[in-house]
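Structure first, then comments.
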Amino acid sequence: MSVSSVSGNKAAALLALIALAEKSKTEGPSSPTTPPPTPLESNPPSLFNDGFTDGAQGGQWNEFLQTANQLMETLGQLQELLAPELGDPSGTPQDLFSPPGGPEGGPGPTPPQGQIPGGTTPDGVSATPGTEGSGSSKLGPGLPKELEPYRGAIESASAKTGVPANMLAAQIWQESRGNLAAVSTNGGNGLTDTGLMQVNPNTYGELQAKHPELQGKDLSSPENNILAGAYYMKDMKEQFGDWKTALRAYNSGPNGVDKSNLNALPAGTGDATYVDKVSNFWNIIESGNGTLPP
Numbered sequence: 001m002s003v004s005s006v007s008g009n010k011a012a013a014l015l016a017l018i019a020l021a022e023k024s025k026t027e028g029p030s031s032p033t034t035p036p037p038t039p040l041e042s043n044p045p046s047l048f049n050d051g052f053t054d055g056a057q058g059g060q061w062n063e064f065l066q067t068a069n070q071l072m073e074t075l076g077q078l079q080e081l082l083a084p085e086l087g088d089p090s091g092t093p094q095d096l097f098s099p100p101g102g103p104e105g106g107p108g109p110t111p112p113q114g115q116i117p118g119g120t121t122p123d124g125v126s127a128t129p130g131t132e133g134s135g136s137s138k139l140g141p142g143l144p145k146e147l148e149p150y151r152g153a154i155e156s157a158s159a160k161t162g163v164p165a166n167m168l169a170a171q172i173w174q175e176s177r178g179n180l181a182a183v184s185t186n187g188g189n190g191l192t193d194t195g196l197m198q199v200n201p202n203t204y205g206e207l208q209a210k211h212p213e214l215q216g217k218d219l220s221s222p223e224n225n226i227l228a229g230a231y232y233m234k235d236m237k238e239q240f241g242d243w244k245t246a247l248r249a250y251n252s253g254p255n256g257v258d259k260s261n262l263n264a265l266p267a268g269t270g271d272a273t274y275v276d277k278v279s280n281f282w283n284i285i286e287s288g289n290g291t292l293p294p
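Heads up, the sequence shown is in full-length UniProt numbering, so the first residue is 1 and it goes up one at a time.
This is the structure:
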């Protein structure tokens, strides 16, 4: 059936509906006239006859019923014509005139369960990684194979401290490339930084005093080393208010931070490009897009 013929049928049905509605208003049945009282008789005929079906009044009533039936048939035809557009072929004729959102004009359909309005998934991970990535405690598809043995330790430390797992993985990649035996000399105190997160022994002592979970644990263990680095990042975030500044403090120490320029090295220690490098690695690991440097 062509679009024009469907539209014509709809228009014809609608016009017929309007005409029948007007007719039902003007030609409805007259109220039966009450006959004058008559003396009671045995078995009076009026008790056995329907006053609405006899004579002129009966004709009016039959005509009204016929018009009403035609009206309902027309409504049904109109419903069938409009059903494809309304998307609910099972509705009743009165449904055709219901306001959007239900019969009472209430709220429309809710989003599917598990979907949050605004494009965000339930665990809070953004669809497109931002400048700093997301705060998820789950690692993304870009985790390099060298860090796969430490997946559980990274995600566990993230869950305990609230530090994003992908940022921890990015720091490990920058600090040690996943080499558990990596060591370097700290430019601030001359001591040796060790392990995946290159934690300084003095810093570890301070962390043990503040976080009892670390007490009595060996810094050379990958789980403890990662957890120590995560707690330090947590402390720096609480002190400075954001992850990028916390990254600068991790690399240069809390006294080596210039919040107006995170590439500056006011204490003369650290890598000026550290924040940018880790932020870039963070996005690559989280999204799986891009390639980490060897």
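We put the CB at the ideal spot given by N, CA and C, even for glycine. The structure displayed is predicted, hence computed values, not measured ones.
Where does residue i fall in DSSP's three states?
i, result
"Asp193", "strand"
"Ser184", "strand"
"Val257", "coil"
"Ile154", "helix"
"Val163", "coil"
"Leu96", "Only weak support is given to the placement of Leu96: the predicted model assigns it a pLDDT of 38, under 50, and the value that follows is read from those uncertain coordinates. Helix, per DSSP."
Which residue wins for smallest C-alpha separation from residue i, given the options the options?
i, options, result
"Leu265", "Arg151, Gln174 and Gly187", "Gly187"
"Pro294", "Trp173, Val257 and Glu73", "Trp173"
"Gly273", "Ser287, Gly290, Ser252 and His211", "According to the sequence provided, residue 273 is Thr. The question's Gly does not apply to it. Checked all of Ser287, Gly290, Ser252 and His211; the closest Cα to Thr273 is Ser252."
"Ala170", "Ala159, Thr185, Arg151 and Ala181", "Arg151"
"residue 301", "Asn289, Gly142 and Thr161", "Nothing can be reported for residue 301: it is not among the residues displayed for the chain, which extend from 1 to 294."
"Gly290", "Glu63, Gln66, Leu143 and Asn69", "Leu143"
"Ala267", "Arg248, Asp276, Leu292 and Ser156", "Arg248"
"Lys237", "Asn69, Glu155, Gln66 and Val163", "Val163"
"Asn280", "Leu168, Ser156, Asn69 and Glu155", "Leu168"
Taking just the CA atoms, how far does residue j sit from residue i?
i, j, result
"Leu219", "Pro201", "8 Å"
"Lys244", "Ser158", "17 Å"
"Ala181", "Leu139", "23 Å"
"Arg177", "Pro141", "17 Å"
"Asn283", "Val183", "26 Å"
"Asn179", "Thr192", "15 Å"
"Thr185", "Gly288", "32 Å"
"Ala153", "Glu213", "15 Å"
"Val275", "Tyr250", "10 Å"
"Gly190", "Gly135", "33 Å"
"Leu292", "Phe240", "28 Å"
"Glu175", "Glu206", "20 Å"
"Lys217", "Tyr204", "10 Å"
"Gln215", "Ala246", "23 Å"
"Pro222", "Ser156", "12 Å"
"Asn261", "His211", "30 Å"
"Asp258", "Lys234", "19 Å"
Can you tell me whether residue i is buried or exposed, with buried defined as 16 or more other CB within 10 angstroms of its CB?
i, result
"Val278", "buried"
"Asn166", "buried"
"Ser137", "buried"
"Gly114", "Low confidence applies here, because Gly114 scores a pLDDT of 31, under 50, leaving its location unreliable; read the following figure in that light. By the 10 Å Cβ count, Gly114 comes out exposed."
"Met72", "exposed"
"Ala209", "exposed"
"Asp242", "exposed"
"Glu286", "buried"
"Gly270", "buried"
"Pro122", "The predicted model places Pro122 with a pLDDT of 30, which falls under 50 and marks its position as unreliable; any figure quoted below should be read in that light. Classification of Pro122: exposed, given that the 10 Å Cβ count is below 16."
Q: Mind the definition here: the segment 180 to 196 touches the segment 220 to 229 only if three or more C-beta pairs lie below 8 Å; say whether that holds.
A: yes
**Request:** Spell out a yes or no on whether the segment 249 to 263 and the segment 136 to 148 are touching, meaning 3 or more CB-CB pairs, one atom from each, closer than 8 Å.
**Result:** no
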